[in-house]
Amino acid sequence: MLKKAIAVVTSGGDSPGMNAAARAVVRTAIYEGVDVYGIHNGYSGMVHDDIEKLTTRSVSDLIQRGGTFLGTARSKSFMTPEGRKTAFENLRKRGIEGLVIIGGDGSLTGGSLLSKETGMPIVGLPGTIDNDVWGMDYTIGCDTACNTIVDAINKLRDTASAHRRIILVEVMGRHSGWLAMMSGIAGGAEYILVPEVAYDLEEISCELKEMYEAGKRYSIIVVAEGAGSAVEIGKIIREKTEIDTRVSVLGHIQRGGSPTVEDRIKASMLGEKAALAIISGVSDVVYSFNEGQVVGVNLFEAVNNTKTLDPELVRLSRVLA
Ligand code: ATP
């Protein structure tokens with residue numbers, strides 16, 4: 638049976654393209670004659686009843702904006718069964734019969750528990766710059782974040798070359814090296830340090846010294862934050878090589894900015910897909926792209942499996958360095 642009312646929530650860290658996805662969910666639902674509610678500030682708004690009925694106008698002037706117009710938050714109370722029960726009651730009292738969750742691994746895990754405990758139908762979209770959701774090679778926002786990082790690397794290269802410096806660029810990725818690996822390859826980095834792969838600073842420093850002695854003018858080392866502090870690594874490399882070494886920690890600029898065309902188009906396609914699926918009775922599925930095709934991955938499999946870094950990318954990064 639078709640649903641009469643659905644809701645959409647953005648949760649966890651914001652990512653560019655979340656707005657495009659939420660906009661597509663809202664407009665598709667309205668096009669299909671279904672009421673659509675927006676939940677403010679992630680699961681926190683669901684627990685604290687900060688929920689609003691949306692119109693086509695609610696999502697005007699949004700596709701080009703980073704962040705999320707709904708707001709997002711990290712909610713401790715949603716981590717408890719009582720919090721999730723309250724959240725469910727707040728949805729049910731409005732006649733909401735299905736929920737689209739746009740968020741990362743943690744948000745989808747929370748959604749899987751809500752589904753299991755309350756029976757609320759859930760469809761997920763991977764909204765995270767980390768590209769770390771199992772079963773798919775695309776997450777909403779990763780392409781934009783990579784472009785932001787590559788833009789920074791391009792600029793840092795200029796000054797590195799002028800001064801014959803080594804520059805370390807610290808990027809996000811506490812547990813996952815995807816962002817570092819993709820932006821590092823695209824930015825032509827000499828070394829890419831990720832949490833998944835062991836590295837030897839003694840060896841790296843020796844190689845750098847040899848390269849500079851042979852005339853090299855600059856090098857870029859991309860460091861995922863989970864691989865260690867770029868500031869500390871930079872200090873060690875400076876000591877060992879005696880080459881002028883500088884560190885740039887990119888921080889939150891990686892999350893912001895106008896989404897790329899890829900993120901806008903894919904988020905829009907996935908938003909429509911998610912809305913149509915939840916309206917028609919699908920539940921416990923995360924939609925994304927894999928190898929260019931739209932895929933529906935079982936929600937529980939998506940959250941109970943860990944996506945590993947592609948060894949092909951690791952190999953390529955070494956060949957091209
Ligand atoms: P990002 O990948 O950008 O960090 P995320 O969705 O993984 O995004 P988290 O902070 O891990 O971000 O999760 C967002 C929210 O989802 C949490 O604040 C919490 O409310 C809920 N959540 C996360 N993990 C769980 C869990 N194991 N059980 C229940 N709820 C959870």
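Remember, our numbering sits 637 above the position in the sequence shown when you count from 1.
The beta carbon of each residue, even a glycine, is placed where N, CA and C say it ideally should be.
Query                                                                                                                                 : Result
Assign Gln891 to one of two classes, buried (16 or more other C-beta atoms within 10 Å of its C-beta) or exposed (fewer than that).   : buried
Rounded to whole angstroms, what's the CA-CA distance from Phe926 to Ala657? Just pull it up for me.                                  : 16 Å
Could you tell me which residues DSSP puts in a beta bridge with Asp837?                                                              : For Asp837, which the question treats as bridged, DSSP gives no partner whatsoever.
Which whole-angstrom value is the C-beta distance of Leu816 and Gly825, which I expect to be below 8 Å?                               : Not quite, the Cβ-Cβ distance comes to about 16 Å (not below 8 Å), so this is no contact.
May I have the straight-line CA-CA distance separating Ala797 from Ile874, to the nearest angstrom?                                   : 15 Å
Check Val641 in the structure and name its three-state DSSP category.                                                                 : Correcting the residue type first, residue 641 is Lys in the shown sequence and not Val. Coil, per DSSP.
Is Met716 near ligand 1, going by C-beta to nearest heavy atom under 7 Å?                                                             : yes
Is Ser712 near ligand 1 - that is, is its Cβ less than 7 Å away from at least one heavy atom of it?                                   : yes
Does ligand 1 have even one heavy atom less than 7 Å from the beta-carbon of Thr882?                                                  : no
Please tell me whether Glu754 and Pro718 are closer than 8 Å, where the distance is taken between their beta carbons.                 : yes
Helix, strand or coil for Pro763? Go by DSSP, reduced to three states.                                                                : strand
Below 7 Å, is the gap between the Cβ of Tyr924 and the nearest heavy atom of ligand 1?                                                : no
Check the DSSP bridge columns for Ala861 and list the partner residues they point to.                                                 : Val808
Would the beta-carbon of Thr785 be found less than 7 Å away from any heavy atom of ligand 1?                                          : no
May I ask you to check if the CB of Thr647 is nearer than 7 Å to at least one heavy atom of ligand 1?                                 : no
Taking only the alpha-carbon atoms, compute the straight-line gap between Val884 and Phe715 and give it to the nearest angstrom.      : 38 Å
Using a threshold of 8 Å, state whether the C-beta atoms of Gly588 and Val940 are closer than that.                                   : There is no way to answer for residue 588, as the model of the chain reaches only from 638 to 958.
With DSSP collapsed to three states, give me the class of Asp672.                                                                     : strand
Just mark His677 as buried or exposed, buried being the case when its beta carbon has 16 or more other beta carbons within 10 Å.      : buried
With Asn927 as the anchor, note down where its beta strand (DSSP E) starts and where it stops.                                        : 922-927
Can the beta-carbon of Gly748 be found closer than 8 Å to that of Gly761?                                                             : yes
With DSSP as the reference, label Tyr849 as helix, strand or coil.                                                                    : helix
Just checking, does the segment 728-747 make contact with the segment 639-649 on the three C-beta pairs under 8 Å criterion?          : yes
Cβ of Tyr775 within 7 Å of any heavy atom in ligand 3?                                                                                : Among the ligands modelled here, namely ligand 1, ligand 3 does not occur.
Would you say the segment 893-902 touches the segment 860-873, given that touching needs at least three Cβ pairs under 8 Å?           : no
If you measure from the CB of Thr705, is any heavy atom of ligand 1 nearer than 7 Å?                                                  : no
Below 6 Å CB to CB, which residues in the same chain sit around Leu751 once its five sequence neighbours on both sides are set aside? : Arg721, Met757
From which residue to which residue does the alpha helix (DSSP H) around Arg750 run?                                                  : According to the sequence as given, residue 750 is Leu; it is not Arg. That run of the alpha helix (DSSP H) goes 742-755.
Do three or more CB pairs link the segment 901-917 to the segment 784-798 at distances below 8 Å?                                     : no
With distances taken Cα to Cα, identify the nearest neighbour of Leu936 among Gln930, Tyr924, Gln701, Ile916.                         : Tyr924
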